[in-house]
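Going by this note's numbering, the first residue of the sequence shown is number 3, and it counts up by one from there.
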Amino acid sequence: MVLYDMHIHSKFSFDSSMEMEDAAERAIAAGLSGIAFTDHLDVNYMPDGSDVYYYFGDYLKRVNEVRAQYEGRLDILSAVEVGLQPQVLDENIERLKGYEFDYKIGSTHLISRVDPYDGSYFKIEPEKHHAYKRYLRELIKNVALYHDYNTLGHFDYIIRYAKFDDNMMRYSDFRDEFDELIRLMISFGLAFEVNTRSYDKTEMDLEVLKRFKAAGGETVVIGSDAHRYNRIGLGFEKALEYIKACGFRYIAHFKEGRPVYDKIG
Ligand SMILES: [Zn+2]
Ligand SMILES: [Zn+2]
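Written out as C-alpha cells, the structure is:
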C-alpha cells in the first residue's frame, strides 16, 4: 500500500543531525512511498526566550534537490512543524509568510514555557490528572488561537515523558477537553496525527480517534517523529491497526497543502 511517513526531522531541526539523503534511503528500505521533512519552527522556545528556526529558503532549496534526486523512487514533501504558544501567534504568521509547504503541523511542546521533555514539568505538576489536563487545556487554547496548518501534531505529546505507573491518556478521564479539542479540529479542518513516537511504551486510547471520526473527522496521518534515521517508519503497523480499529479505510498524506487519501490494506 501507499504509505508516507509524515513527520521526520532533518538536520534543519536543532535536535536532529539527520541528512535528508540518509532519511530517504532508510524510507526506501522500509518500503515507504514518501516522506515529509517537518523541521521545527519554535518561536520563543529556548529557556532564554530565543527561537528555534532555520532559513526556509535554504530548506526549500535543499528539499527540491533531494526531491529531484529521488524522483520515481520516493516522494519527498516539504513541511514544517510549527510550535504553538499563545504569545507567538503573530511571530509564526510573520515567519511563515511567503513560503509554500506541502504540509504543516501545529504542535504544542510547551506548557507555560516548560517542555515536559526534560521532566521539569512533572516537578511542577506531579499529579497525573492535573498534569495532563493542563497540557490539554494549553493545546485547546493554542488551537483556538491559531490553526493555519493541516494537522494537529501529537495530541498526547506529554505521555512520552511522563513517569506514572500508567501513562495512558484516556478520553474517559478528559471528556470535556477532548470534546472541545475535537470540535475545534473539525471546525478548522485539521487532520488527526497518529504519532508513533508517543506509543513506544504507552498505548493510544482509541476512543479519542473514534470520537474524532464520529464528529465527522475523515483525515488521519501517520508520522514517526524520527530525529534519527532508524526511527523512520517505526511503529506503523501498530498505527495502521489503531486507525483501522477506529473504522477508517484510508489514511492521508498532504501535497501542496491538500490531503491525498491512500487506501489501507
Ligand atoms: Zn513535536
Ligand atoms: Zn516533531
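For glycine and all other residues, C-beta sits at the position ideal for the given N, C-alpha and C.
What does the Cβ neighbour count give for residue i, buried or exposed, with the cut at 16 atoms within 10 Å?
i, result
"residue 126", "exposed"
"residue 83", "buried"
"residue 195", "buried"
"residue 156", "buried"
"residue 144", "buried"
"residue 233", "buried"
"residue 179", "buried"
"residue 31", "exposed"
"residue 101", "exposed"
If I'm right that residue i touches residue j with Cβ under 8 angstroms, what's the distance once you round it to whole angstroms?
i, j, result
"residue 34", "residue 5", "5 angstroms"
"residue 207", "residue 170", "6 angstroms"
"residue 107", "residue 9", "7 angstroms"
So, at 6 angstroms on beta carbons, what are the nonlocal neighbours of residue i in its own chain, with the 5 sequence-adjacent residues on each side left out?
i, result
"residue 162", "200"
"residue 91", "147, 148"
"residue 250", "222"
"residue 182", "142"
Keeping to the same chain, check which residues put their C-beta closer than 7 angstroms to that of residue i; ignore five residues upstream and five downstream.
i, result
"residue 56", "14, 41"
"residue 113", "123, 136, 137, 140"
"residue 188", "217, 218, 219"
Measuring from the CB of residue i, is there a heavy atom of ligand 1 at a distance below 7 angstroms?
i, result
"residue 83", "yes"
"residue 155", "yes"
"residue 109", "yes"
Name, in chain order, the residues that DSSP records as bridge partners for residue i.
i, result
"residue 109", "85"
"residue 44", "54"
"residue 195", "223"
"residue 80", "39"
"residue 261", "256"
"residue 228", "10"
Tell me whether residue i, by its Cβ, gets closer than 7 angstroms to a heavy atom of ligand 2.
i, result
"residue 221", "no"
"residue 198", "no"
"residue 227", "yes"
"residue 11", "yes"
"residue 204", "no"
Going by beta carbon distance, what residues of the same chain come within less than 8 angstroms of residue i, once the five residues before and after it are set aside?
i, result
"residue 230", "18, 20"
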